[in-house]
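Number of protein chains: 2
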Amino acid sequence: METGGRCPTLSLVRTHELVLARIERDLSAGRLTVGGRLPAERTLAAELGVSRASVREAIRVLEAMGIIRTNVGSGPEAGAVVIDNPAAGMTAGIRLHLASHHLPVADIVELRVLLETWSVARVADRVRSSRDGLSATDLGPSAAVLAQMDETGLSIEEFHRLDAAFHAGLVGSSGNVLVAAVMSGLRGAIHDYVMTGTRGLPDWEGTAARLRAEHRAILDAVATGDPGQAAERVRAHIEGFYREAALDAE
Amino acid sequence: METGGRCPTLSLVRTHELVLARIERDLSAGRLTVGGRLPAERTLAAELGVSRASVREAIRVLEAMGIIRTNVGSGPEAGAVVIDNPAAGMTAGIRLHLASHHLPVADIVELRVLLETWSVARVADRVRSSRDGLSATDLGPSAAVLAQMDETGLSIEEFHRLDAAFHAGLVGSSGNVLVAAVMSGLRGAIHDYVMTGTRGLPDWEGTAARLRAEHRAILDAVATGDPGQAAERVRAHIEGFYREAALDAE
DNA sequence: GCCGTGCGTGTGGCCGGACCACACAGCGGG
DNA sequence: CCCGCTGTGTGGTCCGGCCACACGCACGGC
């Protein structure tokens with residue numbers, strides 16, 4: 059199985075993929091955990107008998123997928139540390155496929171509606187079946203975000219940041235980590251489209267006021283344990299805004 | 059904005075990220091399209107005034123995301139070509155986050171159920187509202203896969219390959235490219251778990267026969283335009299198998 | 001004319017070495 | 001005790017070299 063060159067690497071599997079596989083095995087086996095540090099590039103290269111360049115290539119993939127982050131220097135913040143940010147990989151991947159025109163924006167919007175209606179219905183359902191615990195621990199932060207959104211003088215960017223926090227909070231309350239990550243990735247991927255569309259709105263203040271009212275109606279439906287209403291209000295809210303900002307006209 | 063070193067690169071943005079941004083812009087602007095070729099690494103490095111290593115790092119990320127594939131040599135198959143494989147990036151990302159124990163398998167199963175019930179319900183809905191066109195062009199391949207699955211002597215791997223093709227075909231018929239990609243990514247990410255679970259089943263032949271019957275029932279509900287039944291059968295089919303293969307016991 | 005062989009060219013794959021900036025720890029001097 | 005300097009280890013980037021691969025083209029032989 060030796061290749062003819064000087065490198066003992068299997069010729070069908072690229073070297074950086076060997077590095078990735080090794081790191082995945084270490085993650086699976088618990089030898090690497092979120093918050094823990096990878097060996098230094100030079101160390102890992104020596105251990106695996108490959109060049110540092112190949113290790114770096116693998117590291118780049120892991121960074122893009124939101125598995126690790128790297129810092130130069132020494133001390134506890136230095137090197138490659140395992141993180142838990144699947145949304146980063148989702149955002150990057152979806153953005154690129156959007157850029158290549160393979161993924162239509164309309165499909166992204168549609169999946170967002172599906173995931174978010176499901177999430178809020180699920181949260182509302184849990185409120186209905188176990189009212190006290192969920193209301194206290196899960197909807198308080200969402201209400202706080204809505205209060206922040208009522209402040210005057212918010213920039214469009216700031217409004218959307220709070221908007222994202224509100225929606226992400228509700229989706230997060232569904233308890234499905236992957237759904238939350240996909241949702242975050244979707245929003246991240248179309249952020250520029252949303253900003254462009256928002257700036258083109260004829261009456262941003264009027265729209266913002268309507269969005270705020272819709273947020274409150276959604277939170278109300280969730281808090282009163284009405285899955286059907288919650289889902290319907292979310293759907294109307296998302297589709298309404300995207301239609302107004304011309305995001306569905308792909 | 060010049061850094062102190064010999065490299066004129068902005069110090070807050072890594073060089074490979076500059077390369078990625080450039081390629082994303084080219085994709086967005088249509089200068090690069092699916093099927094088209096990127097400039098050679100050496101050419102791109104010279105154009106951007108960076109080292110070939112930085113270009114390679116960016117290329118690795120694009121490969122992992124399913125945006126490009128690379129081949130050595132010369133001629134039409136050589137170099138980095140733009141492809142449309144978002145599922146690849148999904149699979150890789152989800153696998154890694156699964157490996158790090160940040161993503162629970164149960165969340166993956168849950169999302170799969172959500173996406174697949176939505177997809178078959180949508181296809182069934184379209185059958186109901188436009189029966190002739192959809193039945194002929196979209197369900198024929200699915201029925202053909204089921205016929206293949208009835209052949210004797212299928213290995214477990216082959217059975218699951220056909221199983222995946224059947225499910226992917228139905229999801230693909232929903233018409234949402236992103237949903238199909240996420241679904242494919244989910245399946246790819248948990249493939250090893252499924253294989254392990256399947257090999258541990260006490261009566262694979264009995265299970266396989268039941269799965270086949272459930273496939274036919276699902277296809278029947280879709281073909282007769284019954285969204286509610288289609289979704290319910292898919293749900294029961296997925297949850298039943300994953301429970302039996304101990305995939306929900308996370 | 002056709003086929004086979006060898007050479008040249010361009011491609012990605014990989015390596016090793018060099019140097020940089022950063023971040024910290026440890027030590028010595030005021 | 002505080003500050004400055006030095007040393008060490010980290011990732012970031014570049015450069016140059018060589019390899020295998022894949023093709024195109026030219027030349028020679030039949």
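Order-wise, the sequence lines are chains A and B.
The opening residue of the first sequence carries number 59 in our numbering; numbering runs sequentially from there.
The opening residue of the second sequence carries number 59 in our numbering; numbering runs sequentially from there.
Every residue gets a Cβ at the ideal spot worked out from N, C-alpha and C, and that includes glycine.
It should be emphasised that the depicted structure is a prediction, and the values quoted were computed from it without experimental measurement.
Looking only at its own chain, which residues have a Cβ that is under 7 Å from the Cβ of residue i, when we skip the five neighbours before and after it?
{"i": "A/Ala98", "result": "Gly137"}
{"i": "A/Ala201", "result": "Leu277"}
{"i": "A/Ala288", "result": "Val178, Ala179, Ala182, Ile276, Ala279, Val280"}
{"i": "B/Arg245", "result": "Ala222"}
{"i": "A/Asp84", "result": "Leu90"}
{"i": "B/Asp142", "result": "Val92"}
{"i": "B/Pro199", "result": "Gly227"}
For residue i, name the three-state secondary structure that DSSP assigns.
{"i": "A/Ile141", "result": "coil"}
{"i": "A/Leu90", "result": "coil"}
{"i": "B/Ile117", "result": "helix"}
{"i": "B/Arg95", "result": "strand"}
{"i": "A/Gly198", "result": "helix"}
{"i": "A/Ala289", "result": "helix"}
{"i": "B/Val229", "result": "helix"}
{"i": "B/Ala111", "result": "helix"}
{"i": "A/Thr149", "result": "helix"}
{"i": "B/Arg72", "result": "coil"}
{"i": "A/Thr256", "result": "helix"}
{"i": "A/Asp155", "result": "In the sequence under discussion, the amino acid at residue 155 of chain A is His, which differs from the Asp named in the question. In the structure shown, A/His155 sits in a helix (DSSP, three-state: H, G or I)."}
{"i": "B/Glu216", "result": "helix"}
{"i": "A/Gly211", "result": "coil"}
{"i": "A/Leu204", "result": "helix"}
{"i": "B/Asp221", "result": "helix"}
{"i": "A/Ala303", "result": "coil"}
{"i": "B/Glu297", "result": "helix"}
{"i": "B/Ala79", "result": "helix"}
{"i": "B/Ala136", "result": "coil"}
{"i": "B/Asp284", "result": "coil"}
{"i": "B/Thr67", "result": "Note that B/Thr67 scores a pLDDT of 36, beneath 50, so its modelled location is shaky; the value from the coordinates is reported in the next line. B/Thr67: coil per DSSP, three-state reduction."}
Which residues bound the alpha helix (DSSP H) around residue i?
{"i": "A/Arg270", "result": "262-281"}
{"i": "B/Thr11", "result": "No information on residue 11 of chain B is available, as it lies outside the stretch 59 to 308 that chain B covers here."}
{"i": "A/Leu172", "result": "163-187"}
{"i": "B/Leu236", "result": "235-247"}
Does the Cβ of residue i lie closer than 7 Å to at least one heavy atom of the ligand FMN?
{"i": "B/Arg100", "result": "With respect to the ligand FMN, the structure offers nothing, as it holds no ligand at all."}
What does a CB cutoff of less than 6 Å around residue i pick up in its chain, not counting 5 residues either side in sequence?
{"i": "A/Ala116", "result": "His74, Val77, Leu78"}
{"i": "B/Leu120", "result": "Ile126"}
{"i": "A/Ala194", "result": "Low local confidence applies: a pLDDT of 49 at A/Ala194 is under 50, so the model's placement there is unreliable, with the coordinate-based value given in what follows. Answer for A/Ala194: no residue qualifies."}
{"i": "A/Arg95", "result": "Gly137, Val139"}
{"i": "B/Leu102", "result": "Val113"}
{"i": "B/Ala57", "result": "Residue 57 of chain B lies beyond the residue range present for chain B, which begins at 59 and ends at 308; the question has no answer from this structure."}
{"i": "B/Ile152", "result": "Gly243, Ala247"}
{"i": "A/Ser132", "result": "none"}
{"i": "A/Leu70", "result": "none"}
Excluding the 5 residues preceding and the 5 following residue i in the sequence, name in chain order all residues of the same chain whose CB lies nearer than 8 Å to its CB.
{"i": "B/Arg186", "result": "Gly283, Asp284, Pro285"}
{"i": "A/Met207", "result": "Phe217, Leu220, Asp221, Phe224, Arg270, His273"}
{"i": "A/Val171", "result": "Val292, Arg293, Ile296, Glu297"}
{"i": "A/Arg214", "result": "Correcting the residue type first, residue 214 of chain A is Ile in the shown sequence and not Arg. For A/Ile214, where only same-chain residues beyond five positions count, the Cβ hits under 8 Å are Met253, Thr256, Arg257, Trp262."}
{"i": "A/Glu135", "result": "Asn129"}
Residues of the segment 161-172 of chain A with Cβ closer than 7 Å to any Cβ of chain B, in chain order: Listed by position, the residues of the segment 161-172 of chain A near chain B (Cβ gap below 7 Å) are Leu161, Pro162, Asp165, Ile166, Glu168, Leu169, Leu172.
Proximal residues, the segment 225-243 of chain B versus chain A, C-beta separation under 7 Å: Those would be Asn234, Val235, Leu236, Val237, Val240, in chain order.
Below 8 Å, can you find three or more Cβ-Cβ pairs linking the segment 152-170 of chain A to the segment 73-90 of chain B? As far as the Cβ criterion goes, the segment 152-170 of chain A touches the segment 73-90 of chain B, which means the pair count is three or higher.
Can you confirm whether the segment 173-185 of chain B touches the segment 231-242 of chain B when touching is taken to mean that 3 or more C-beta pairs between the two stretches lie within less than 8 Å? The segment 231-242 of chain B makes contact with the segment 173-185 of chain B, as at least three CB pairs between them are under 8 Å.
Residues of the segment 100-126 of chain B with Cβ closer than 9 Å to any Cβ of chain A, in chain order: Near chain A, meaning a CB-to-CB distance below 9 Å, the residues of the segment 100-126 of chain B are Ala111, Arg114, Glu115, Ala116, Ile117, Arg118, Val119, Leu120, Glu121, Ala122, Met123, Gly124, Ile125.
Counting Cβ pairs closer than 8 Å, one from the segment 74-86 of chain A and one from the segment 99-106 of chain A, do we hit at least three? The segment 74-86 of chain A, when compared against the segment 99-106 of chain A, does touch it at the 8 Å Cβ threshold.
Interfacial residues, the segment 147-159 of chain A to chain B, with Cβ spacing under 9 Å: Listed by position along the chain: Gly147, Met148, Ala150, Gly151, Ile152, Arg153, Leu154, His155, Leu156, Ala157, Ser158, His159.
If you measure beta-carbon to beta-carbon, which residues of the segment 67-86 of chain A are closer than 7 Å to chain B? Taking 7 Å as the Cβ-Cβ cut-off against chain B, the residues of the segment 67-86 of chain A that qualify are His74, Glu82, Leu85, Ser86.
Using a Cβ-Cβ cut-off of less than 8 Å, give me the residues of the segment 132-148 of chain B that come near chain A, in sequence order. When CB distances to chain A are screened at a threshold of 8 Å, the residues of the segment 132-148 of chain B falling below it are Val140, Asp142, Pro144, Gly147, Met148, in chain order.
Using Cβ-Cβ distances below 8 Å, what residues of the segment 174-189 of chain A are close to chain B? Those residues of the segment 174-189 of chain A that come within reach of chain B (Cβ to Cβ, closer than 8 Å) are Trp176.
Taking beta-carbon pairs under 8 Å, can you tell me which members of the segment 289-301 of chain A lie near chain B? Within the segment 289-301 of chain A, no residue places its CB atom closer than 8 Å to a CB of chain B.
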